[in-house]
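Engineer: Pasting a structure below so you can have a look.
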Amino acid sequence: LTNAQKKVISEIFTDLKSDVQMNRLIQGDVGSGKTIVAFLVIFAAMENGYQAALMAPPEILADQHVRNAKKIFAGTGYRVELLMGSTKAAEKRKIYEALASGEIDLIIGTHAIIQDAVRFSKLGLAIIDEQHRFGVLQRAQLRALGFNPDILVMTATPIPRSLAMTVYGDLDVSIIDELPPGRTPIKTVVVG
19 LTNAQKKVIS EIFTDLKSDV QMNRLIQGDV GSGKTIVAFL VIFAAMENGY QAALMAPPEI
79 LADQHVRNAK KIFAGTGYRV ELLMGSTKAA EKRKIYEALA SGEIDLIIGT HAIIQDAVRF
139 SKLGLAIIDE QHRFGVLQRA QLRALGFNPD ILVMTATPIP RSLAMTVYGD LDVSIIDELP
199 PGRTPIKTVV VG
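Structure representation (structure tokens):
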């Protein structure tokens, strides 16, 4: 991990140990390592007996996250499943039952995670990737699925600190401002 990732993880773990619900935004460029930070936090939640949910808006990103999670958590005994709008009805019913009974430890998916039929046994951590694609109400719906689960949101969209405090005033902000070794730096340009 980079020093920036370690700093952000330390901030998150401080939040998790607190008696107050975590509401934290991680901001970092594409390739800065937000996802591995999220997976480490998910692992901590599961190790403490809680379920976790990772919501990502496009199906392609949710699918990518579930493939990576299944590799990372292989051999741990933790069950990871994918839930999307395109998931077949029979499969959705099985997932709903397994979530409610606590058989699924980590659910990754799209807006399908916040549908009325979804019930968790013990949701302790909810993570939202591509935060800017979700509204405040959708964040609240995800929060309502558990008993005050800790909330972590992630974005690669650069947000000036003053704007972040205005738009995300209810969130503490952590920034990953360092790319892992070997990553090509991100080049941002404006085209008229």
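FYI, in our numbering the residues of the sequence shown are 19 to 210. Think of the CB as a built atom: it goes at the ideal place given N, C-alpha and C, for glycine as much as any other residue.
#1: Under the rule that 16 or more other beta-carbon atoms within 10 Å means buried, what is LYS52, buried or exposed?
#2: In the structure shown, what three-state DSSP assignment does ALA118 receive?
#3: Roughly how many angstroms lie between the CA atoms of LYS25 and ALA108, to the nearest whole one?
#4: Could you spell out the range, first to last residue, of the beta strand (DSSP E) harbouring GLN45?
#5: Check each candidate in THR105, THR94, GLN69, ALA63 and name the one with the smallest Cα separation from ALA80.
#6: When you compare only the Cα positions, how much space is there between LEU117 and ASN21?
#7: Please tell me whether LEU58 and ILE78 are closer than 8 Å, where the distance is taken between their beta carbons.
#8: For the beta strand (DSSP E) containing SER192, list its first residue and its last residue.
#9: GLN45 and THR173: beta carbons closer than 8 Å?
#10: Grab the span of the beta strand (DSSP E) containing VAL26 for me, first residue to last.
#11: Mind checking who LEU160 pairs with in its DSSP beta bridge?
#12: Would you kindly check if the distance between the Cβ of LYS88 and the Cβ of VAL98 is under 8 Å?
#13: Just how far apart, CA to CA, sit LEU143 and ILE169?
#14: Which same chain residues end up closer than 6 Å to PRO198 when comparing Cβ atoms and leaving out the 5 residues on each side of it in sequence?
#15: Which of helix, strand or coil does DSSP assign to GLN133?
#16: Can you check whether the CB of ASP123 is closer than 8 Å to the CB of LEU72?
Structural biologist: Well, looking at it:
#1: buried
#2: helix
#3: 43 Å
#4: 41 to 46
#5: THR105
#6: If you take the alpha carbons of LEU117 and ASN21, they lie about 35 Å apart.
#7: Inclusion of LEU58 and ILE78 in the CB contact set at 8 Å is not warranted, their separation being larger than that value.
#8: 190 to 194
#9: yes
#10: No beta strand (DSSP E) contains VAL26, which is instead part of the alpha helix (DSSP H) from 21 to 35.
#11: None; LEU160 has no bridge partner.
#12: yes
#13: 6 Å
#14: THR20, GLY51, listed in sequence order.
#15: coil
#16: no
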